[in-house]
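> Be aware that the sequence shown starts at 809, since it is given in the working numbering, and climbs by one per residue. Idealized CB from N, CA, C, for every residue including glycine.
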Amino acid sequence: PEAYAEVEAMLIRIAASSDAGPCCAYMGRGGAGHYVKMVHNAIEYAFMQGIAEAYDGMRTALKMSPEAAADVFARWNEGTLQAYLTELAARVRRYRDEETGEPLVERVLDQAEQKGTGRWAAQSALELGVPAPTLTAAVVARTLSHFKADRERLAALLQWPERAVDVSPEEFLSDLEDTLNLTVLVAFSQGLWLLHEASRQYQYGTDRAEVLRVWRAGCIIRARWLPFLEGILREDPENPHLLFHPRFLAEVQRRLPGAIRAQERALEMGIPMPALGTALEYLLAMRRARLPANLIQAQRDAFGAHTYQRTDRPGIFHTEWENSDGSTKTLASQQKLTVEAPEAGGRPAGRPYSIGCFSTYSASRR
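#1: Residue 1043 to residue 953, Cα distance in whole Å?
#2: Exposed or buried, what is residue 1094 when buried is set at 16 or more other beta-carbons lying within 10 Å of its beta-carbon?
#3: Distance check for residue 897 and residue 942, CA to CA, integer angstroms please.
#4: Kindly list the residues whose CB is nearer than 8 angstroms to the CB of residue 948, restricted to its own chain and excluding five residues on each side of it in sequence; keep chain order.
#5: Hey, how far is the Cα of residue 812 from the Cα of residue 1061?
#6: Measure the CB-CB distance between residue 853 and residue 926 and report whether it falls below 7 angstroms.
#7: Tell me, which residues are paired with residue 1116 by DSSP?
#8: With residue 834 as the anchor, note down where its alpha helix (DSSP H) starts and where it stops.
#9: In its own chain, which residues sit with a C-beta less than 7 angstroms from the C-beta of residue 1038, not counting the 5 before and 5 after it?
#10: Taking residue 1209 and residue 1063 to be in contact with their CB atoms under 8 angstroms, please state how far apart those CB atoms are, rounded to whole angstroms.
#11: So what's residue 997 in DSSP terms, helix, strand or just coil?
#12: Can you find the residues in the same chain that come closer than 7 angstroms, C-beta to C-beta, to residue 1175, ignoring five residues on each side of it along the sequence?
#13: Thinking just about the alpha-carbon of each residue, which of 867, 829, 826 and 834 is nearest to the one in residue 814?
#14: Which ranges would you report for the alpha helix (DSSP H) in the segment 1017 to 1065 if only whole runs of at least 4 residues count?
#15: From residue 895 to residue 882, what does the alpha carbon distance come to, in whole angstroms?
#16: Residue 809: buried (16+ other C-beta within 10 angstroms of its C-beta) or exposed?
#17: According to the neighbour-count rule (16 or more other Cβ atoms, all chains shown, within 10 Å of its Cβ), is residue 842 buried or exposed?
#18: Closest by CA to residue 781, which one among 820, 838 and 1104?
#19: Does the segment 847 to 866 come within contact of the segment 984 to 1004, defined as at least 3 CB pairs closer than 8 angstroms?
#20: Tell me residue 891's beta-bridge partners as DSSP assigns them.
#21: Quick one: what does DSSP say residue 911 is sitting in, helix, strand or coil?
#22: In its own chain, which residues sit with a C-beta less than 6 angstroms from the C-beta of residue 946, not counting the 5 before and 5 after it?
#23: Would you list, in sequence order, the uninterrupted beta strand (DSSP E) runs of no fewer than 3 residues that lie entirely inside the segment 942 to 1015?
#24: What is the C-beta distance between residue 872 and residue 984, in whole angstroms, given that I count them as a contact (C-beta under 8 angstroms)?
#25: In terms of DSSP beta bridges, what is residue 932 paired with?
#26: Below 8 angstroms, can you find three or more Cβ-Cβ pairs linking the segment 1046 to 1054 to the segment 904 to 913?
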């Protein structure tokens, strides 16, 4: 903070400004500023992927021209989806190639590059034990786009069971608008959860509400949603999950029906929507009080003695799941182990990583 204080006045003079003040602030100790920028870029990846998926829906399902799609994005830019990227989507689709006179976007090769910041964010989320599937899906989508020859070959080999869907253009566009809103909200939610956990584990001391204030102008993900999200975090700064806030949850809830319809129709028509799909699956999993992960953990204990916890008593347990004749063992075979409870990331606290090898015994039990 002392170094920032020395240069703050100079930085404020050259920074962008919004109605909330200069878009410049101290992000926290150590590498906090770089981390905030990395998360910004991951959200940007997801926002752009969501826009691309909405456009694919317009182009494939409704056979809309780039100009017609541009009109839709321009209209969306007047509502809750008002954002630099939404406005840019409309502008790019209207631009005509000087040589051919056709919309230039249709001449651009469908391979999206990346500098690596989105990938870093996905890696960091995994390392910190934060589920951020929508941010990760956007990175994977860019990576997959580079396998152009493979995609062209598989397009002729793998027959998707597509079927004609009677789609009302007005209804489908409304559903796509809900889809993009939901994808953006979930992407921000995942990114802000990642920031919360990074600040906690790395002791950055990052104020996420201040981060959102700074993002309100001069950055790629500036959007109408930002003041709304900032207000939520100012009300409840310690809450890691935006989903627990009633106003945020209400915005998600009202867009679920349309987003689900859009996903169903996209699957029927063979339109990939990975950002939307992971956003929906993320919400669906987060609202499940009981997931089938109990079977996974039981299997891990069966083949690798990785232990498990029970729902009806405290402690860490290991079971010899089979007798020598292959029959299932009884409750008496369970052993209670003296092991500290696992951390959020999955590794038991205080237990170092071990070096393992695959023995004949362990391989046969997998």
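In this structure, then:
#1: Counted from its first residue, the sequence shown places residue 1043 at position 235. Counted from its first residue, the sequence shown places residue 953 at position 145. Their Cα atoms are separated by approximately 41 angstroms.
#2: Counting from 1 along the sequence shown, the entry for residue 1094 is found at position 286. Exposed: under 16 other Cβ atoms inside 10 Å.
#3: Here residue 942 refers to the residue found at position 134 when the sequence shown is read from its first residue. Here residue 897 refers to the residue found at position 89 when the sequence shown is read from its first residue. A direct Cα-to-Cα measurement between residue 942 and residue 897 gives close to 20 angstroms.
#4: In the sequence shown, counting from the first residue as 1, residue 948 sits at position 140. Here the set comprises 1082.
#5: Here the question's residue 812 lines up with position 4 in the sequence shown. Here the question's residue 1061 lines up with position 253 in the sequence shown. A straight line joining the alpha-carbon of residue 812 with that of residue 1061 spans about 41 angstroms.
#6: Residue numbering aside, residue 853 sits at position 45 when the sequence shown is read from its first letter. Residue numbering aside, residue 926 sits at position 118 when the sequence shown is read from its first letter. Taking a C-beta distance under 7 angstroms as the contact criterion, residue 853 and residue 926 qualify as a contact pair.
#7: For the purposes of this step, residue 1116 is taken as the residue at position 308 of the sequence shown. In the DSSP output, where bridge partners are listed per residue, residue 1116 has 1125.
#8: Numbered from 1 along the sequence shown, position 26 holds the residue referred to as residue 834. Unbroken run through residue 834: none, as it is neither H nor E.
#9: By 1-based counting over the sequence shown, the position of residue 1038 is 230. Residues 1017, 1020 and 1021 of the same chain have their beta carbon placed closer than 7 angstroms to that of residue 1038, with the five preceding and five following residues left out of the count.
#10: In the structure as shown, the chain begins at 809 and stops at 1174. Residue 1209 is therefore absent and cannot be evaluated.
#11: If you number the sequence shown from 1, residue 997 lands on position 189. In this structure, residue 997 counts as helix in the three-state DSSP scheme.
#12: Residue coverage of the chain in this structure runs from 809 to 1174, which leaves residue 1175 outside it and unanswerable.
#13: The count along the sequence shown starts at 1 and reaches residue 814 at position 6. Across the set 867, 829, 826 and 834, the C-alpha of 834 shows the shortest separation from the C-alpha of residue 814.
#14: Taken in chain order, the complete alpha helix (DSSP H) segments of 4 or more residues contained in the segment 1017 to 1065 are 1033 to 1043.
#15: Position 87 of the sequence shown holds residue 895. Position 74 of the sequence shown holds residue 882. About 6 angstroms.
#16: On the sequence shown, residue 809 is found 1 positions in, with the first residue counted as 1. Residue 809 should be labelled exposed.
#17: Residue mapping note: residue 842 aligns to position 34 of the sequence shown, counting from 1. Note on residue 842: under 16 other CB atoms within 10 angstroms of its CB, so exposed under the neighbour-count rule.
#18: The chain is shown only over 809 to 1174; residue 781 falls outside these bounds and no answer can be derived.
#19: Here the segment 847 to 866 makes contact with the segment 984 to 1004; the two share three or more CB pairs at distances below 8 angstroms.
#20: The residue given as residue 891 occupies position 83 in the sequence shown. Paired residue(s): 1031.
#21: Counting from 1 along the sequence shown, the entry for residue 911 is found at position 103. Here residue 911 sits in strand by DSSP.
#22: Stepping through the sequence shown from its first residue, residue 946 is reached at position 138. Hits under 6 angstroms: 853, 854, 857 and 1083.
#23: DSSP runs (the beta strand (DSSP E)) wholly in the segment 942 to 1015: none.
#24: By one-based count along the sequence shown, residue 872 stands at place 64. By one-based count along the sequence shown, residue 984 stands at place 176. Not a contact, Cβ separation roughly 11 angstroms.
#25: Taking the sequence shown and counting its residues from 1, the one referred to as residue 932 is at position 124. Residue pairing by DSSP leaves residue 932 without any beta bridge partner.
#26: Result no; under three Cβ-Cβ pairs closer than 8 angstroms.
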